[in-house]
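Comments concern the structure below.
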Ligand code: UDP
Ligand code: MG
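In the numbering used here, the protein residues as written are 126 to 457.
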C-alpha cells in the first residue's frame with residue numbers, strides 16, 4: 126500500500142525532468158512514508174519518454190503512464206488521479222516551478238487531518254504586466270460569476286487525501302477547469318504560500334490564445350450567470366425601447382412627422398446588433414459545451430503503463446452514468 130503518490134504531468138520536459146526527479150526524490154526520502162511517483166507522459170515527442178522509461182526501469186517506485194497523444198495537462202492529471210490508489214496524492218509540474226520542499230509542509234497539514242492542502246503563489250513578478258492584469262481581471266469575473274469559491278493565485282500544485290481524490294474522480298466532464306473542480310469538491314482546504322520562480326528550461330505551453338480559452342472555459346463551465354445577465358440586459362432594453370417607441374408615436378401624432386433621426390436610428394440598430402451577436406455567441410458557447418459533453422468520449426487514452434505495481438489497473442474510465450446503467454442491467 127502506498128501512503129503518498131506524486132502525480133507529475135510531463136509534456137516535452139526533457140531538459141528539466143532529471144533535475145526535477147532528483148530533487149523530488151531527495152524530499153520524498155525525508156518523509157518516512159511509502160511513496161510512489163507517477164509520471165503521466167502526455168504525448169511528449171522530445172525524448173522525455175525515453176528518460177521516463179529509464180527512470181522507471183531503475184526504480185520500482187517510479188511508474189509511467191503513457192498517453193496515446195497530447196491530451197493537455199488537465200487530462201494528464203485526470204489520468205494520474207484515476208490510477209492512483211494511495212492515502213494521499215500530490216500533483217506537481219515537472220518544470221521546477223513547484224518546489225518539492227513544499228511537500229513536507231503539505232504532509233504536515235495532511236497528518237493533522239486536512240483533506241486538501243494547496244500551494245499559493247506569494248508573488249507573480251516573473252510574469253509580464255499584461256499577464257498579471259489579465260489574470261486579476263479573470264479572477265474578478267470568475268469569482269463574481271461562479272457559485273463555488275475558487276481561490277486566486279493557485280495552480281494545480283496540491284495534496285489531496287484519498288476521499289478528496291475519490292470526489293474529483295467522479296467529475297467526468299470533458300472541459301476540465303481543474304481549479305474549479307478542486308474547489309467544487311469542498312472539504313477542509315488549507316494553503317501554504319510559496320515564491321514563484323521562472324521555468325528552469327523550455328517554455329510554457331500557454332500562449333495568449335490558450336489563456337483566453339482557459340478564461341472562457343473557467344467562466345462558462347462554472348456558471349450560467351453570463352446567460353442570465355444577457356437575458357436581463359435584453360429585458361431592460363426591451364422595456365426602454367417600449368417607452369421610447371411610445372414617445373415617438375405620440376410625438377408623430379401630435380406634432381406631425383418632421384425629418385426622421387437617421388443617426389439615432391443607426392446607433393440603436395448597431396448597438397442592438399452588437400448585443401444580439403454577443404448573446405448569440407454566448408448561447409453558442411454553452412451549446413458547444415453541451416455538444417462536447419454529449420459525445421461522452423473518454424478524457425484520455427492510455428498507450429502503455431510502466432511499473433503498474435500499486436496502481437488501480439482498471440480505473441473508472443467511463444462515464445459514471447454509463448456505469449450506473451451497466452450495474453442496473455446486471456442486477457435487473
Ligand atoms: N503539460 C502537460 N500537457 C500539456 C502541457 C503541459 O502535461 O499539454 C505539463 C508540463 O509538462 C508541466 C506542467 O504540465 O509539467 C505545466 O506546464 P506549463 O509549465 O507549460 O504550464 P504553466 O506552468 O505555465 O502553467
Ligand atoms: Mg510551468
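Every residue, glycine too, gets a C-beta built ideally from N, C-alpha and C.
Asked, Found
"Under the three-state reduction of DSSP, which class applies to residue 140: helix, strand or coil?", "coil"
"Is the Cβ-Cβ distance between residue 283 and residue 424 less than 9 Å?", "no"
"Look at the alpha carbon of residue 148 and the alpha carbon of residue 263, and state the distance between them as a whole number of angstroms.", "33 Å"
"Can you check DSSP and say which residues form a bridge with residue 314?", "241"
"Would you mind reading off the limits of the alpha helix (DSSP H) that contains residue 253?", "Run containing residue 253: none; DSSP gives neither H nor E here."
"Expressed to the nearest angstrom, what Euclidean distance is found between the alpha-carbon atoms of residue 165 and residue 276?", "26 Å"
"If we require 4 or more residues per run, which alpha helix (DSSP H) segments fall completely within the stretch 331-355?", "333-347"
"Can you list, in chain order, the residues of its chain with a C-beta nearer than 7 Å to that of residue 435? Leave out the 5 residues immediately preceding and following it.", "127, 161, 210"
"Within the chosen definition, does the stretch 136-143 reach the stretch 327-338 through at least 3 CB pairs nearer than 8 Å?", "yes"
"Pick helix, strand or coil for residue 306, following the three-state DSSP scheme.", "helix"
"Any idea if residue 208 is buried or exposed, counting beta-carbon neighbours within 10 angstroms, 16 or more meaning buried?", "buried"
"What residues in its chain sit with their C-beta under 7 Å from that of residue 320, if we drop five residues either side in the sequence?", "247, 248"
"Which residues in the same chain as residue 130 place their Cβ atom closer than 6 Å to its Cβ, once the five residues preceding and following it in sequence are excluded?", "161, 163, 209, 211, 214"
"Is it buried or exposed, residue 456, if we count other Cβ atoms within 10 angstroms and call 16 or more buried?", "In this prediction, residue 456 has a pLDDT of 42, which is less than 50 and means its spatial position is unreliable; what the coordinates show is noted afterwards. When all chains shown are included, residue 456 counts as exposed."
"With C-beta atoms as the reference, is residue 312 less than 9 Å away from residue 297?", "no"
"May I ask which residues mark the beginning and end of the beta strand (DSSP E) holding residue 281?", "279-286"
"Secondary structure at residue 388, three-state DSSP: helix, strand or coil?", "helix"
"Go to residue 129, then tell me how far its alpha helix (DSSP H) extends in each direction, as first and last residue.", "Counting along the chain, residue 129 falls outside any alpha helix (DSSP H), though it belongs to the beta strand (DSSP E) covering 127-135."
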